[in-house]
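Note that the sequence shown covers residues -25 to -1, 1 to 262 in mature numbering (1 follows the signal peptide of the UniProt record, and there is no 0). Written below as structure tokens is the structure these notes are about.
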Amino acid sequence: MAVRIRPCLLAVAFFAVSWVSGASSVPQKVDNSQKSFNCMRCSTTYVADAYLDALTGQLAQHRDLTEVPETADLCKGLDDDLDVPVLSEVHRQLVGEGSHRRLVYSVKFGNCEDDAVKFLDGYDANLVIIEKLPSGVFADPFELQHFVERKVFLDVAVFGDTNLELPSALSNRSAVEIHFDFKPSTTMGWNLVVELPLHARYPPLDSSGYATVEFGSPDLLLRYRKKDTHPDSCIWVLKNLDAEPVDKAVWRVPCGDGAHAGFVSSLTFISALVCSMSVVLAASLIS
């Protein structure tokens, strides 16, 4: 009888130890997920200065801010339990037609309105969107500066390849960082709508007549700082909003068919020759 009971007791003991160790590991996992903020000096204007590597015109894979050594020292002594606004929904869609379109973001925050207002009483805050553009699309930095002048954006910057004349085959990737004022709107409340104008580069020839450009998920961060801090000790706190993968955006850009290249080249040459001869003939008649 004792021989039968002993294996049962061992099984129960093993189950109890496994349950206790599993339960003790859960709070640690939750606790780590809550500490999702980093810091940067107020003299550093753009998050992408530490977030992206845009050397020699090549846009490398973005780095997590936790990989930047300086952020850990800047964040010492900060309380990450602050009740900051929480992102509840984010949608993105490509609107317009042709080679000039707009990427529209709809961002909704789900905190209680009173909590959000209380947060903004003590902190300056803005939403930061970092959109990593595929090689077939570019954003015009001069056009975006007009949005800043009209107070649509707080600030905006383009990193990576900013040569607007290059075709898709010769261009590199780029990224756009948008700073949007985080404050309630009289018409939309805590729902923010951000529009980013984009332009398609000349794509390579393709027999289908279209080149497909697909956008990855953007990075959304909330950047905030205390209003009563001294400028010398001022730091921005960056909180990753941990958005779910946003709606997929695909841009089908019209392109030429390689099979028609010979015909188009011949027609272009003949047209140029006729125009040149017309100019020469007109000049001889005038003289």
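Built from N, CA and C at the ideal position, the CB exists for glycine as well.
Residue burial annotation: Arg77 is exposed, with fewer than 16 other C-beta atoms found within 10 angstroms of its C-beta. Residue burial annotation: Leu216 is buried, with at least 16 other C-beta atoms found within 10 angstroms of its C-beta.
Burial of Leu102 is indicated by the presence of at least 16 other C-beta atoms within 10 angstroms of its C-beta. When secondary structure is reduced to three states using DSSP, Pro172 falls in the strand class. Taking a 10 Å sphere around the C-beta of Asn138, we find fewer than 16 other C-beta atoms and assign the residue as exposed. By the beta-carbon neighbour count (other beta carbons within 10 angstroms, threshold 16), Glu72 is exposed.
Distance from the Cα of Asn166 is smallest, within the candidate group Met252, Val61 and Arg176, for Val61. Unbroken alpha helix (DSSP H) stretches of 4 residues or longer found wholly inside the segment 50 to 127: 88 to 97 and 116 to 124, given in chain order. Distance from the CA of Glu140 to the CA of Ala91, rounded to the nearest whole angstrom, comes to 44 angstroms. Here DSSP, grouped into helix, strand and coil, assigns Asp136 to coil.
Glu152 counts as buried, since at least 16 other C-beta atoms from the protein chains shown sit within 10 angstroms of its C-beta. Check the Cα spacing between Phe134 and each of Arg125, Val127 and Asn147: the tightest is with Asn147. In this structure, the straight-line span from the alpha carbon of Glu124 to that of Ala258 is close to 49 angstroms.
Here the alpha carbon of His154 sits roughly 16 angstroms from the alpha carbon of Lys83. Bounds of any beta strand (DSSP E) do not take in Tyr21, whose DSSP letter is neither H nor E. Here DSSP, grouped into helix, strand and coil, assigns Leu216 to coil.
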